[in-house]
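Written out below as structure tokens is the structure these notes cover.
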Amino acid sequence: MGNTIIKNAFKEVRSSFSRFLAILLVIMIGSAFYTGLKSVGPDLEASADRYFEATHFMDFRLLSSIGFNDADLAAVRNSSGVEDTQPIYTIDAFLSYGQQTNVAHVISIPDSTGAINDLHLVEGRLPQQSNECIIDKQRSEAGPKIGDTITLSSGTETPINTSLSQTVYHVVGLAESPSYLTKDRGITKLGTGKINGLVFLPAANFTLPAYTEILVTAAGTSGISTFSEEYIEITTPLEESLNTVASQRVEIRQQELKADAEAQLAAQKTAFAAANGIADPSLLDSSPEFLEAQKSINELAAPQWHVLNRESNSGYLDYQNTIESTNGIASILPLFFFGIATLVCLTTMTRMVEEQRTQIGTLKALGYSNAAIAFKYLLYAATASVLGSLLGWAIGFMLIPQVIFNAYRVLYTLPEMTPAFHVSIAALSALFAISVTTVATFLSCLTILRSAPAELMLPSAPPPGKRIFLENVDFIWKKLQFSQKITFRNLFRYKKRFWMTVLGVACCTAMLVAGLGLRDSIATQVAEKQFGDIMRYDVSLQLKENLTMEQKSALVTTLANTNLSTYLDNTVNNISVQGSTDNSDPIDSLLMVPADPAALSNYFMLRSYDTGEPLVLSDHGVILTQKLAKNLDVTTGDTIVINEDETTTQLVLVEGIAENYLQHYVFLSPSYYQTIYGELPQPNQVLGLLDSTLSQEDLAATLMATAGVSAVRFTSDNEQDFQNTLGSINYLIWVIIIAAALLALVVQYTLTTINISERFREIATIKVLGFYDREVSAYITRESYLLTLFGILPGLIGGIFLHGYILDAAEVGNVMYVESILAQSFILSILLTFMFTWLVNLIMIGTLKKINMVEALKSNE
């Protein structure tokens, strides 16, 4: 008996292959999308982990304001938890090649491979002679190639030979560095303020008196993902240990600097006394010059150390944010796909069971149990699910991650990715797929299996005809043609089919709206609003600390002569912010204090995030940007704590929350700054508006040549960097849109096929009555278009909510996306939905023409 049921199930596959294929395809798309999106994040992490492991990427990078000596290196090396250390030298220099001259960051490399931040050699070889070098692969795309010669120069009054033993080098290799995952090579005090490439030289070529940086790797991290909690647990104690060493070494180095200065001062006293015939040099201690010198020595500030982890590396942080955004999107949308698959399976299996009620009644009469009969349909559905899952795995694990990864490689420097099969993801996908189809099939069988065999052997009665509401509206109903009246009656007569079709169309429209809306929110509107409406300044100048009067005067003169239309002095400081009523982690932010708050709107527009009304800085509180307020869970009228360092904290009132999409900002007026800090702010930044005819390169070169300017950054560069970062997410969004379109097409095809199969006798009847093929087609397609129209409106509303859920999951770090969808995306979603309906109807016209009137009208035996 069991074998008969199994044979019958597989025979049913052959006889209703189009129905079987519909279930298989919808499961395949859902499974492929689920496994593909879910595996992108782990595959990106694994690819980065392999790259970092192979290149021994540093866990910490130490910087010092005076460099490092061997004693500093030994203290770091002896810290608990350190696996290895490596000192390196770095300088910025002008690189000349042919007619090109750009700024390069020159980095020392050790004599042997396997060092920290080991280079990934793309082409050529490592330097073997003192006059050989390697350049980064990105630089070679528009510059020197292997075999070419480059010349390095300082670009300042200090000659390059104080840093390097020679200036001319032959390029022998092209390489990539794990320290530079993105195309951004950083900023510099030379030229336009932007580094254009990297040059790697043997350490022996450097003549610097101290190491520039110390790279550190942590013990016990081998084989552990850098993105895991376990990695954080291992490296956090080491970071604390390194900070302790830093605080100890800066005190020692301060005393050493004072001792050296004292010795130099004593030598100067002795030399001065000998030259002027003074027997006792101590007699000079009271002279004004030496008193001033001694005062300077006593006030000599301690050097500064900075312990930077991997997240301080901008390329690493961008890559990490990309993974988190991808994981956020993958956590919601694939489940929606499986929800639609449930609808299709339920509709398909319900129709199949209903068509075979006579056969089910016969089996029951022959003594087959309800479980045995249900097993046939469960096996049918499960077979489609398993095959669909297997095909979905092939596409999901092999194709989708590779497509997205190739898009990401435009932005990130990573080796080829090896797609992996993730057992847990595959198991969950199969569980979802099989559960969806079997549960839907069980529900379809449940009602009909409760009926008696005699009842099942009789044809089911058609739904009774009823007057519809539109028939009561005479001025409309009387003007409709006969075929149009039949269409409206059929729509509301078959309520189950009506709601299934409307719900299916709504889900498809919602996915299209969500996908296109993500493109609007992430790839289009953020850049337009942030760099067009909010950040209105064109250029920012970072000023050096403690400017002299001469430097300030020179800066004012330079600004007056550079054709900047207007500019604004500003104070910007790095701070951390916490809520005042909880123990939440501090959030890194930028403190902004414009010298003239009334003019700030010309450079940075502060407007309410909910009403759009302009916000004005007052003398009683601060204005936060919206993502910072959201993360702190504060609103207007609350208080927050500003931390400048571990010992300096200020409790301030939130007076407004401003619209902003990139970076966290806290805005203060100068008078409120003076109130809470007891001193006026010292401007360290200038925001400027450019004359449209001015060359950015020429302006940057002029400003960087000014003594008081340390860096120049154009807003257009910031916008381009942001667009590059979002370019990878844009590819992911297009994958979502295409998958949604495919699923929408399959759903509409399945529902339309079921609609026609349910009405074979009805369609045959109107053909017998003399309806032409064109009229028969219109009879069916008219209903299809109306059902599509009814489904679009709830689909648009559902798409808005789905779009919001995905955005909340995709937001990371200090980025906030625009929670709105452009009108053209709604229009495009509507047009695509109608286009799919039209395409399916076009395919179904052939099916309608092939209906055999005699066979369709035969009585049920």
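Sequence positions in the sequence shown follow this note's numbering and run 732 to 1592. Idealized CB from N, CA, C, for every residue including glycine.
Here the C-alpha atom of F958 lies approximately 7 Å from the C-alpha atom of E776. If only uninterrupted beta strand (DSSP E) runs of at least 3 residues are considered, none is enclosed by the segment 1484-1520. Counting C-beta pairs closer than 8 Å gives three or more between the segment 1095-1114 and the segment 1165-1183, which meets the contact rule.
Taken in chain order, the unbroken stretches of beta strand (DSSP E) that lie wholly in the segment 1388-1468 and span 3 residues or more are 1396-1398, 1416-1420, 1440-1445. 7 Å or more divides the Cβ of T1073 from the Cβ of A949.
Pairing G1248 with S1556 gives a Cβ-Cβ distance under 7 Å.
For S1116, the enclosing alpha helix (DSSP H) has its first and last residue at 1101-1124. Nearest neighbour of L1290 by Cα position, chosen from D1422, K1226, L988, turns out to be D1422. Under the three-state reduction of DSSP, Q1035 is assigned to coil, being neither helix nor strand.
Restricting attention to alpha helix (DSSP H) runs no shorter than 4 residues, the segment 773-846 encloses them at 801-808, ordered along the chain. In the structure shown, F1152 falls within a coil segment according to DSSP collapsed to helix, strand and coil. Note: M1266 is bridge-paired with F1335 in the DSSP secondary-structure output. In this structure, F825 places its C-beta atom within 7 Å of the C-beta atom of G886.
With a contact defined as Cβ atoms closer than 8 Å, F1152 and G761 miss out at about 18 Å. Bounds of the beta strand (DSSP E) holding D1319 are 1318-1325.
In this structure, DSSP gives S1349 a state outside helix and strand, which the three-state scheme calls coil.
With 16 or more other Cβ atoms from the protein chains shown falling within 10 Å of its own Cβ, W1124 counts as buried. A Cβ-Cβ contact shorter than 7 Å links V1084 with S1175. When only Cα atoms are considered, Q1381 and Y1404 end up about 10 Å apart.
Nearest to A1024 by C-alpha distance, out of F783, Q995, E1489, is Q995.
Looking at the DSSP output, A906 bridges to L852, D867.
Using a 10 angstroms sphere on the CB of G874, the tally of other CB atoms reaches 16 or more, which defines it as buried.
Nearest to E888 by alpha-carbon distance, out of E1493, E1506, A1436, L1517, is A1436. The alpha-carbon separation between E1147 and I737 amounts to approximately 46 Å.
Just measuring C-alpha positions, the residue of F931, T832, R916 sitting nearest H851 is F931. In this structure, A740 sits near L1110, with a CB-CB distance shorter than 7 Å. Assignment of alpha helix (DSSP H) within the segment 1180-1231, counting only whole runs of 4 or more residues, yields 1184-1187, 1205-1208, 1213-1224 in chain order. As the crow flies, the alpha-carbon of A1326 is around 25 Å from that of Q1309. Distance from the CA atom of P1019 to the CA atom of E1281, rounded to whole angstroms, is 24 Å. According to DSSP, V1308 shares a beta bridge with I1318, I1373. Burial is judged here by how many other beta carbons sit within 10 angstroms of a residue's own beta carbon; Y1503 has fewer than 16 and is exposed. Below 8 Å, too few C-beta pairs join the segment 1031-1041 and the segment 1112-1131 to call them touching: fewer than three.
If you draw a straight line from the Cα of V813 to the Cα of R1041, it comes to about 15 Å. If you draw a straight line from the Cα of G1501 to the Cα of A1254, it comes to about 55 Å.
One thing to note: V1397 has its Cβ within 7 Å of the Cβ of L1355. A Cβ-Cβ separation of about 6 Å places N848 in contact with M789 under the 8 Å criterion.
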